[in-house]
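For the sequence shown, the numbering used here begins at 34 and goes up steadily by one. Report on the following structure.
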Amino acid sequence: MNKAVFFWSTWALLSVYLVILAGAVVRMTGSGMGCPDWPKCFGYLIPPTERSQLDWQPDKSYKKGNVIILDNTLQVAIQTFESGDTIDLKNWEVYTKHDYTTFNATHTWVEFINRLLGAISGLIVLGLFVRSLWWIRKQPLLPIFSFFAVVGMGVQAWLGKTVVDSNLLPSKISLHMIMALLIVSVLLFVRAKSHGKQLKQPSKNLLMLIVGSFVLTLIQFGLGVDVRQFIDYQIKQAGSNAPQLWLDRPEISFYIHRSLSLAVVVLSVWIYKLVVKERLTQKYIQFIIGCILVEIILGILMYYVDFPWGTQPLHLLIAALLFSAQLYWLLRIKLKSYDLSI
Ligand code: HEM
34 MNKAVFFWST WALLSVYLVI LAGAVVRMTG SGMGCPDWPK CFGYLIPPTE
84 RSQLDWQPDK SYKKGNVIIL DNTLQVAIQT FESGDTIDLK NWEVYTKHDY
134 TTFNATHTWV EFINRLLGAI SGLIVLGLFV RSLWWIRKQP LLPIFSFFAV
184 VGMGVQAWLG KTVVDSNLLP SKISLHMIMA LLIVSVLLFV RAKSHGKQLK
234 QPSKNLLMLI VGSFVLTLIQ FGLGVDVRQF IDYQIKQAGS NAPQLWLDRP
284 EISFYIHRSL SLAVVVLSVW IYKLVVKERL TQKYIQFIIG CILVEIILGI
334 LMYYVDFPWG TQPLHLLIAA LLFSAQLYWL LRIKLKSYDL SI
């Protein structure tokens, strides 16, 4: 095992799951526009805590990019300057990417913490890349894939900006989520590759079933994302305080999403039986079945008990863990020991 890269990739993965959870909490609390600009928050590295800090103030030194709220518009300082006794509009320009001008300190700080965690996670992924460079000759796939992860984090940050610029367009949020899964996939590859030891091979039938259940999870993911987009629109129409209306008349994708879970359970139990029969390690399938059961309980709570607090972020996090466990298991089965391949 390549201990150093294994260690760094484990921490990189944990940090990305934390960012996924934080992003889901941002959505649950409706904090997505807590910082109307990007990458700074109202033009500051540390965001304001009170609405009055965003009023124009006399004799204050403003830096380029600082934001104030004036007559229901966001105004951005076009240069660094000292404000006098009265406001000089020549120093300001209207922010035109969207017209969202509400300030809510909780939303701002929830979004700010999400961005902070994203930045910390980016640094850990960068650390993984630097550490993997030690292995550029012996195991070039490690630095190459770690580099993909660094690029992925950069693209993800940019996608985060497009989400804010679009005032939280549901399709942009989905793209942001898909990118998170791509990053997770690349990191899982690095972790599996740095482990170095291939798992005992399952029979062809069992391998096909494991691949099939992974594909089924991907379909569940796609349907789930569609359900989430629908709910995002419902929240805009019915309001965030009326969860009983969000799935009042769901689209067909919701019913398929709900029913397909049964197929996922049946397939996983079948896989479990074969794993026991073929005397393979049981930890992956046990974890996978655990995730599926928790996922179904959370889904039932959301639908029948009107989205109790925390169920939405947890449903997403567990789905990401389920995806990861299935992909990692397949990688550990398929990736040859590193001393045998490049
Ligand atoms: C294997 C089982 C399941 C998996 C892998 C799964 C996965 C997902 C995923 C990935 C999302 C998108 C989350 C997001 O983008 O934030 C989602 C959303 C959703 N799923 Fe599932 N799901 C499963 C079972 C169920 C079941 C059984 C139900 C209902 C009885 C359900 C109800 C929902 C609802 C209501 C949403 C929208 C959540 C939101 O607004 O945050 N899911 N699911």
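For each residue, glycine too, the CB sits at the ideal point set by N, CA and C. Predicted model only: the values in this text are computed from it and were never measured.
Judged by DSSP in its simplified three-state form, Q90 adopts coil rather than helix or strand. Secondary structure at L192: helix, using DSSP grouped into helix, strand and coil. A direct Cα-Cα distance of roughly 15 Å separates I206 from Q267. With respect to the C-alpha of E144, the residue from I111, Q234, V52 and L208 having the closest C-alpha is V52. A direct Cα-to-Cα measurement between V49 and I216 gives close to 8 Å.
Spanning the alpha carbons of T113 and S94 requires a straight line of approximately 7 Å. Taking C-beta separations shorter than 6 Å and ignoring five residues to either side along the sequence, D121 has no partners in its chain.
Beta-bridge partners of V100 (DSSP): V109. In this structure, M335 and Q319 do not form a Cβ contact; the two beta carbons are roughly 25 Å apart against a cut-off of 8 Å. Around the beta-carbon of P203, 16 or more other beta-carbon atoms lie within 10 Å, marking it buried. Less than 8 Å divides the Cβ of L161 from the Cβ of A45. Cβ contact annotation for G63 (same chain, cutoff 6 Å, sequence separation greater than five): S273, in chain order. According to the DSSP secondary-structure assignment, E126 is paired through a beta bridge with V109. Distance from the C-beta of M210 to the nearest heavy atom of ligand 1 is below 7 Å. Counting only residues of its own chain and dropping the five nearest sequence neighbours on each side, I111 has a CB closer than 8 Å to the CB of K97, N124, W125 and E126.
DSSP places F114 within a strand segment (E or B) once states are collapsed to three.
Annotation: R170 to R291 spans about 48 Å, alpha carbon to alpha carbon. Remark: the shortest separation between the CB of G332 and any heavy atom of ligand 1 falls under 7 Å.
Within the same chain, and ignoring the five residues on either side of P91 in sequence, the residues whose Cβ sits closer than 8 Å to its Cβ are S116, G117, D118 and T119.
For V297, the shortest separation between its Cβ and any heavy atom of ligand 1 lies below 7 Å. For the pair L232 and Y317, the Cα-to-Cα distance works out to about 11 Å.
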